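Chemist:
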Amino acid sequence: MTQAESYDMIVVGAGISGLSLANHIARSGKKVLVVDAANKIGGCLNTCYKDDFWVEMGAHTFYATYTNLIDLIQKNGLEQDILAREKVGMKVFTDKHEKIMKGVNKFELMRSVPNLFFTKRDGKTVKEYFGKIVGPKNYDKVFTRMFSAVIVQNADNFSAEYFLKRRKTKSKKHPKSFILKKGMSSFMEALAAHQNIKVQLHTKINQLAKNSDGFKVLAESGEIYQSKDIALAVSPKIASKLIKGLNTDLSDVLAAYPIQSIETRTVVLPKEKLNFDPVSFIIPLQGSCFSMVTRDVMTHEKMRGFAFHFEENQISKDEQEKFMKDLLLVDSLGAETVETKHQLPLIKTGHSKSLSKIKLLAEETGIYITGNYFNGLSLEDCVERSKQEFERYAENCK
Ligand SMILES: Cc1cc2nc3c(=O)[nH]c(=O)nc-3n(C[C@H](O)[C@H](O)[C@H](O)COP(=O)(O)OP(=O)(O)OC[C@H]3O[C@@H](n4cnc5c(N)ncnc54)[C@H](O)[C@@H]3O)c2cc1C
Numbered sequence: 001m002t003q004a005e006s007y008d009m010i011v012v013g014a015g016i017s018g019l020s021l022a023n024h025i026a027r028s029g030k031k032v033l034v035v036d037a038a039n040k041i042g043g044c045l046n047t048c049y050k051d052d053f054w055v056e057m058g059a060h061t062f063y064a065t066y067t068n069l070i071d072l073i074q075k076n077g078l079e080q081d082i083l084a085r086e087k088v089g090m091k092v093f094t095d096k097h098e099k100i101m102k103g104v105n106k107f108e109l110m111r112s113v114p115n116l117f118f119t120k121r122d123g124k125t126v127k128e129y130f131g132k133i134v135g136p137k138n139y140d141k142v143f144t145r146m147f148s149a150v151i152v153q154n155a156d157n158f159s160a161e162y163f164l165k166r167r168k169t170k171s172k173k174h175p176k177s178f179i180l181k182k183g184m185s186s187f188m189e190a191l192a193a194h195q196n197i198k199v200q201l202h203t204k205i206n207q208l209a210k211n212s213d214g215f216k217v218l219a220e221s222g223e224i225y226q227s228k229d230i231a232l233a234v235s236p237k238i239a240s241k242l243i244k245g246l247n248t249d250l251s252d253v254l255a256a257y258p259i260q261s262i263e264t265r266t267v268v269l270p271k272e273k274l275n276f277d278p279v280s281f282i283i284p285l286q287g288s289c290f291s292m293v294t295r296d297v298m299t300h301e302k303m304r305g306f307a308f309h310f311e312e313n314q315i316s317k318d319e320q321e322k323f324m325k326d327l328l329l330v331d332s333l334g335a336e337t338v339e340t341k342h343q344l345p346l347i348k349t350g351h352s353k354s355l356s357k358i359k360l361l362a363e364e365t366g367i368y369i370t371g372n373y374f375n376g377l378s379l380e381d382c383v384e385r386s387k388q389e390f391e392r393y394a395e396n397c398k
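Numbering (our numbering), first residue to last: 1 to 398.
(1) Only counting the same chain, and skipping five residues up and downstream in sequence, which positions put a Cβ closer than 6 Å to that of residue 343?
(2) Report the CB separation of residue 231 from residue 35 in whole angstroms; it is logged as a contact under 8 Å.
(3) Beta carbon of residue 33: closer than 6 Å to some heavy atom of ligand 1?
(4) Between which two residues does the alpha helix (DSSP H) harbouring residue 324 extend?
(5) Would you identify the three-state DSSP class for residue 220, choosing helix, strand or coil?
(6) Residues bridged to residue 341 by DSSP?
(7) For residue 320 and residue 364, I'd like the C-alpha separation in whole angstroms.
(8) Considering only their Cβ atoms, is the gap separating residue 349 from residue 159 smaller than 7 Å?
(9) Unbroken beta strand (DSSP E) runs of length 3 or more, entirely within the region 142-195: which are they?
(10) Exposed or buried, what is residue 264 when buried is set at 16 or more other beta-carbons lying within 10 Å of its beta-carbon?
(11) For the beta strand (DSSP E) containing residue 292, list its first residue and its last residue.
(12) Report the three-state DSSP secondary structure of residue 15 (helix, strand or coil).
(13) Looking only at C-alpha atoms, which of 154, 162, 103 and 72 sits nearest to residue 135?
(14) Would you mind working out which of 368, 57, 47 and 198 sits nearest residue 403, comparing C-alpha positions?
(15) Report the three-state DSSP secondary structure of residue 118 (helix, strand or coil).
(16) With respect to 6 Å, is the separation between the Cβ of residue 12 and the closest non-hydrogen atom of ligand 1 below this value?
(17) Looking at the structure shown, is residue 1 part of a helix, part of a strand, or coil, going by DSSP?
(18) The beta strand (DSSP E) spanning residue 90 covers which residue range?
(19) Is the Cβ-Cβ distance between residue 81 and residue 19 less than 7 Å?
(20) I need the straight-line Cα distance from residue 125 to residue 163, nearest angstrom please.
(21) Quick one: residues in its chain with C-beta nearer than 7 Å to the C-beta of residue 108, no 5 flanking neighbours on either side, listed in chain order?
(22) Among 62, 128 and 335, which residue has its Cα nearest to the Cα of residue 171?
(23) At which residues does the beta strand (DSSP E) containing residue 283 begin and terminate?
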């Protein structure tokens with residue numbers, strides 16, 4: 001075991017939640033160590049680069065309503081890299097590419113939509129709330145798949161309050177939906193590049209302990225890190241494990257969030273091999289693939305790229321490849337696929353109550369905690385939560 005240098009703050013997890021928190025703290029003049037188990041930073045922001053081409057394997061779109069995130073893009077010098085997404089349509093896939101509204105019963109939809117004005121989201125699941133608005137048959141046939149594609153997991157039991165949240169603020173200066181010229185990972189690199197931040201990869205944290213100087217952070221490798229303060233920016237399941245020795249009540253609340261693991265397979269192909277028009281997403285109406293997201297929103301002279309998001313362990317690798325070929329309308333993939341995994345929490349009804357408990361118990365334990373299971377799953381929700389934790393930290397430092 002070795003004793004490493006001391007920091008003001010150690011952030012566990014170098015996804016957008018961890019890096020946005022670290023960036024705020026570093027800007028306030030404190031020294032931050034960010035540790036991550038993976039071999040690259042970014043977590044679910046995960047760009048796959050191939051020569052001068054890239055395709056997103058994780059998150060792919062920012063919106064003008066993401067005002068906290070835009071603020072960080074600006075502060076970290078990436079404003080000039082913002083690019084409006086090219087307007088290409090969406091399709092659904094049955095055994096062929098079909099129009100997005102294929103299978104939707106227009107009569108049931110027209111009859112149900114007025115419920116929008118009389119139905120409240122509070123306490124309802126996505127299925128209960130949206131089933132009323134699009135009609136139960138439409139929901140089961142088509143919309144359950146569309147909504148599951150949005151949150152890359154079965155949407156039926158997700159809390160309606162935390163799904164496709166309406167936001168009060170919107171930047172008038174930015175495109176309605178946009179990307180970054182060099183991919184999402186360039187944003188993660190920019191956040192991590194602050195001189196007060198040190199990032200350590202391949203560092204899986206297994207345990208936390210308190211001592212008279214603050215916190216001891218123990219890595220699987222046997223390395224020990226010491227800091228005055230600690231922030232967890234990992235999934236609730238991992239946070240639950242790490243916090244167990246410090247606060248069992250907090251550990252129990254965090255353990256109650258189910259996690260969806262997603263296997264993503266990405267393929268880049270020469271344009272001439274493909275025989276269908278540019279499209280932003282294709283949503284399969286059956287099977288274990290939640291969605292196929294393309295790079296067609298930023299045209300490249302020669303290549304096109306596709307990320308298929310599969311529910312983990314549902315079908316074999318060969319079956320996944322067959323599905324990919326069927327959907328891409330090709331006989332062979334003709335290239336190696338790049339594989340990666342991401343995890344997302346299921347936010348259930350009653351989340352607001354659990355959230356109050358988590359916040360209270362985290363304060364009692366003297367730790368900071370952020371992630372995509374506080375304000376919601378979106379990148380803006382993560383950044384907003386991290387900003388709130390930074391403000392609490394800054395207040396405590398006074
Ligand atoms: C396929 C996909 C597409 C998406 N598309 C969009 C989109 O277009 N727009 C949008 O707003 N949102 C999107 N989302 C949601 C959004 O990307 C995520 O909710 C968000 O990026 C999560 O960030 P995070 O930092 O909280 O967690 P993560 O990104 O999961 O980061 C957690 C980090 O913790 C690390 N870690 C885990 N355990 C340990 C340990 N023991 N020790 C050290 N490190 C550890 C992991 O390696 C990881 O890097 C998408 C998500 C997915 C999966």
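Here a beta-carbon is modelled for each residue, glycine too, at the ideal position from N, C-alpha and C. Predicted, not measured: the structure shown is a model, and the values here were computed from it.
Modeler: So, from the listed chains and residues:
(1) Translated into the one-based positions of the sequence shown, residue 343 becomes position 343. Taken in chain order, the residues that qualify are 235, 259 and 261.
(2) The count along the sequence shown starts at 1 and reaches residue 231 at position 231. The count along the sequence shown starts at 1 and reaches residue 35 at position 35. Contact flag wrong, Cβ pair sits at about 11 Å.
(3) Here the question's residue 33 lines up with position 33 in the sequence shown. No - ligand 1 has no heavy atom lying nearer than 6 Å to the Cβ of residue 33.
(4) For this step, residue 324 is matched to residue 324 along the sequence shown. That run of the alpha helix (DSSP H) goes 317-328.
(5) Position 220 of the sequence shown, counted from the first residue, corresponds to residue 220. Residue 220 falls in the coil class under three-state DSSP.
(6) As a first step, residue 341 is located in the sequence shown; it is residue number 341 there, counting from the start. The partner list for residue 341 (beta bridge, DSSP) reads 263.
(7) As a working mapping, residue 320 is identified with position 320 in the sequence shown. As a working mapping, residue 364 is identified with position 364 in the sequence shown. The alpha-carbon atoms of residue 320 and residue 364 are separated by roughly 46 Å.
(8) Locating residue 159 in the sequence shown gives position 159, where the first residue counts as 1. Locating residue 349 in the sequence shown gives position 349, where the first residue counts as 1. Against a cut-off of 7 Å, the Cβ pair of residue 349 and residue 159 comes out as a contact.
(9) The qualifying runs are 177-180.
(10) Taking the sequence shown and counting its residues from 1, one reaches residue 264 at position 264. Counting the other Cβ atoms within 10 Å of the Cβ of residue 264 gives 16 or more, which makes it buried.
(11) Here residue 292 refers to the residue found at position 292 of the sequence shown. Where residue 292 is concerned, the enclosing beta strand (DSSP E) stretches over 289-294.
(12) Your numbering for residue 15 matches position 15 in the sequence shown. Per DSSP, reduced to three states, the secondary structure at residue 15 is strand.
(13) In the sequence shown, the residue the question calls residue 135 occupies position 135. It is 103 whose Cα lies nearest to the Cα of residue 135.
(14) The first residue shown for the chain is 1 and the last is 398, placing residue 403 beyond what the model contains.
(15) The residue given as residue 118 occupies position 118 in the sequence shown. Residue 118: coil per DSSP, three-state reduction.
(16) As a first step, residue 12 is located in the sequence shown; it is residue number 12 there, counting from the start. Yes, since a heavy atom of ligand 1 falls inside the 6 Å radius drawn around the Cβ of residue 12.
(17) Walking along the sequence shown from the start, residue 1 turns up at place 1. With a pLDDT of only 43 at residue 1, under 50, the local geometry of the prediction cannot be trusted, and the value read off the model is given with reservation. Three-state DSSP puts residue 1 in coil, outside helix and strand.
(18) Along the sequence shown, one-based indexing puts residue 90 at 90. Looking at the DSSP string, the run of the beta strand (DSSP E) that includes residue 90 is 90-93.
(19) Within the sequence shown, numbered from 1, the residue matching residue 81 stands at position 81. Within the sequence shown, numbered from 1, the residue matching residue 19 stands at position 19. The answer is no: Cβ separation not under 7 Å.
(20) In the sequence shown, residue 125 corresponds to position 125, counting from 1. In the sequence shown, residue 163 corresponds to position 163, counting from 1. For residue 125 and residue 163, the distance between alpha carbons rounds to 9 Å.
(21) As a working mapping, residue 108 is identified with position 108 in the sequence shown. Excluding sequence neighbours, residue 108 sits near 135, 137 and 138.
(22) Translated into the one-based positions of the sequence shown, residue 171 becomes position 171. Nearest in C-alpha terms to residue 171, of all of 62, 128 and 335, is 62.
(23) The residue given as residue 283 occupies position 283 in the sequence shown. Looking at the DSSP string, the run of the beta strand (DSSP E) that includes residue 283 is 281-284.
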